[in-house]
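> Protein chains in written order, with numbering that gives the first Met the number 0: chain A, 0 to 126; chain B, 0 to 126.
Glycine included, C-beta positions come from ideal geometry on N, C-alpha and C.
Here the structure is a predicted model, which means the values were calculated and not measured.
There are 2 protein chains.
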Amino acid sequence: MFVKANEINLISKTTNMKNSQLYKGSLNTIIMKLLEEKGRMYGYEITQKVKEITQGELNITEGALYPALHKLEAEGLLDVEMEKVDNRLRKYYKLTEKGTTETVNRLAELEDFIKNMQSIVNPKLSY
Amino acid sequence: MFVKANEINLISKTTNMKNSQLYKGSLNTIIMKLLEEKGRMYGYEITQKVKEITQGELNITEGALYPALHKLEAEGLLDVEMEKVDNRLRKYYKLTEKGTTETVNRLAELEDFIKNMQSIVNPKLSY
DNA sequence: TTCTTATACATTAGAAACTTATGTATAAAA
DNA sequence: TTTTATACATAAGTTTCTAATGTATAAGAA
Chain A
0 MFVKANEINL
10 ISKTTNMKNS
20 QLYKGSLNTI
30 IMKLLEEKGR
40 MYGYEITQKV
50 KEITQGELNI
60 TEGALYPALH
70 KLEAEGLLDV
80 EMEKVDNRLR
90 KYYKLTEKGT
100 TETVNRLAEL
110 EDFIKNMQSI
120 VNPKLSY
Chain B
0 MFVKANEINL
10 ISKTTNMKNS
20 QLYKGSLNTI
30 IMKLLEEKGR
40 MYGYEITQKV
50 KEITQGELNI
60 TEGALYPALH
70 KLEAEGLLDV
80 EMEKVDNRLR
90 KYYKLTEKGT
100 TETVNRLAEL
110 EDFIKNMQSI
120 VNPKLSY
């Protein structure tokens, strides 16, 4: 899609994966969790779902999403089915068995990560 | 130095194949939060403190830590003082005024990040 | 009707944060 | 006396992202 010169900055400020570096490394976990919940989703749908859940705060860029999906597929964690809807191509992704198992691990890791970060940020409470 | 089986580096568990990329991007926030709390710390002390807080789960590597400290200093967020203790060099870092302000922002971002991740992982509860 | 936005996929150059390995040096413990 | 702990550092290579670009169709606004 083309974007005119003076719109680029405005758009990219609200379009990228939120300022902070914190989201780095969390994309795969997000994708896998959403697929676990929904059964199957296509790429664009994932970006919209994440935007909705985070009330527009987290916007997954296509340059991050599609390579991530391809990689998860290559690792055998996702299966893909192509479908044509309204004369437009969709690639529906779903977790493989291996992917489902791995999702459990990743979610456990996410919980650990959050606990650890909270321990650092809020040393008074011990999690 | 060797890293034992169960420890996470700033990214991955060495032997365990478990791939927790989640810590990627959180190092600066960790450093700044600890400095805010402690007043001043030196690099090695930071690694030990994080290890202690996370009960050995998060092990910051030197190759990640020192460049991060140098960069924060270059950005004017940290000040450094050299001291010789027991005939060994220590570089004590502390937050500048700018760094203190920035720490507030980064901690707010971390909170947002955690909230968003929890919204994705646990869609039933709305945070 | 024509221009723009939305939907839907994709790739690539470059930035940034890491890992892994290596290096120097001193002090304490086994 | 050999290893581990303390304390700094850099550098090559990997991964994950951003920003930009590309193709194509459908819907909505001007």
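Taking only beta carbons into account, state which residues of the region 34-64 of chain A come closer than 8 Å to chain B, listed in chain order.
Flagged, chain order: Glu36, Val49, Ile52, Thr53, Glu56 and Leu57.
> Run down chain A in chain order and give the residues with a C-beta less than 7 Å from the C-beta of glycine 98 (chain B).
None at all; the shortest Cβ gap to chain A is about 16 Å.
> At the 9 Å Cβ level, is tyrosine 91 (chain B) part of the contact set with chain A, yes or no?
Cβ-Cβ to chain A under 9 Å: no for tyrosine 91 (chain B).
> Considering only their Cβ atoms, is the gap separating glycine 24 (chain B) from glutamine 20 (chain A) smaller than 9 Å?
Yes, they are a contact pair.
> Since leucine 26 (chain B) contacts glycine 42 (chain B) with CB under 8 Å, what's their CB separation in whole angstroms?
With 8 Å as the limit, leucine 26 (chain B) and glycine 42 (chain B) do not qualify as a contact, their Cβ atoms being about 12 Å apart.
> Just the C-alpha distance for valine 84 (chain B) and leucine 68 (chain B), rounded to the nearest angstrom, thanks.
If I take the Cα positions, the gap works out to 20 Å.
> Helix, strand or coil for lysine 93 (chain A)? Go by DSSP, reduced to three states.
In the structure shown, lysine 93 (chain A) sits in a strand (DSSP, three-state: E or B).
> Checking 9 Å against the spacing of the C-beta atoms, do leucine 71 (chain B) and isoleucine 30 (chain B) come in under that value?
Their beta carbons are under 9 Å apart, which means leucine 71 (chain B) touches isoleucine 30 (chain B) by this criterion.
> Got a sec: which bits of the region 62-83 of chain B sit with their beta carbon under 8 Å from any beta carbon on chain A, in order along the chain?
From the region 62-83 of chain B, no residue has a Cβ closer than 8 Å to chain A.
> Please name the residue, chosen from A:Pro122, A:Phe112 and A:Glu96, that lies closest to leucine 34 (chain A) on a Cα-to-Cα basis.
When only C-alpha atoms are compared, the closest one is A:Glu96.
> Return helix, strand or coil for lysine 48 (chain A), following the three-state DSSP convention.
Here lysine 48 (chain A) sits in helix by DSSP.
> To the nearest angstrom, report how far apart alanine 107 (chain A) and arginine 39 (chain A) are at their CA atoms.
Whole-angstrom Cα-Cα distance: 22 Å.
> Put arginine 105 (chain B) into one of helix, strand or coil per three-state DSSP.
DSSP places arginine 105 (chain B) in helix when its eight states are reduced to three.
> If you draw a straight line from the C-alpha of leucine 94 (chain B) to the C-alpha of lysine 32 (chain B), how long is it?
If I take the Cα positions, the gap works out to 10 Å.
> For lysine 70 (chain A), which three-state DSSP category applies?
Helix, per DSSP.
> Taking 9 Å as the threshold (beta carbon to beta carbon), is threonine 28 (chain A) in contact with chain B?
Yes, because at least one Cβ of chain B sits closer than 9 Å to the Cβ of threonine 28 (chain A).
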